[in-house]
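See structure below.
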Amino acid sequence: MSHHQPAVVDDDKHYAKDPVVNSNGSYEGSRDEEVGVVTKGEPLQRNLKNRHMQMIAIGGAIGAGLFVGSGGALRSGGPAALIIGYMIVGFMLMLTTQALAEMAVLYPVNGAFYTYVCRFVDPSWGFAMGWDYAIAW
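What follows is the structure, encoded as structure tokens:
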């Protein structure tokens, strides 16, 4: 059983308008435990099997109302429009997941995908995106 020491918060930090970003994408002066950077001593583990990934995908489809919401589109547009629409949106989602996969390989972090928004865009955007994602569930 390990006991963790509470994080020390430095209230005297002053932030510049344009923070200095290191070559690995982290901010100058940030600590690894603050941003969830994976260390060599404690790498991420690959324990998900194919069935786990399939259940996550099915859960996402059910949670998004894929089966219920498709009925109205099928009624108004027909099967061809529905298939074309799914192909267009699927292609856009494929590009998004490919970009996330590239970032995950280049900058592995212990955290959700909004961690990349905190790192590459702005911490306030990451905060908003994290809450948006949490409320959407």
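My numbering runs 14 ahead of the 1-based position in the sequence shown. Backbone N, C-alpha and C fix where the C-beta goes; we use that ideal spot for every residue, glycine too. Nothing here was measured: the structure is a model prediction, and the numbers come from that model.
Verify whether the separation of the beta carbon atoms of residue i and residue j is less than 8 Å.
i    : j    : result
A87  : G99  : yes
Y147 : Y128 : yes
A118 : G144 : no
Thinking just about the alpha-carbon of each residue, which of the options is nearest to the one in residue i?
i    : options                 : result
Y121 : R133, T110 and Q59      : R133
Q59  : I72, A142, G73 and V123 : V123
Between which two residues does the alpha helix (DSSP H) harbouring residue i extend?
i    : result
S133 : One detail in the question is off: residue 133 reads as Arg in this sequence, not Ser. Its alpha helix (DSSP H) spans residues Y128 to F134.
N64  : N64 to G77
W151 : Counting along the chain, W151 falls outside any alpha helix (DSSP H), and DSSP gives it neither H nor E.
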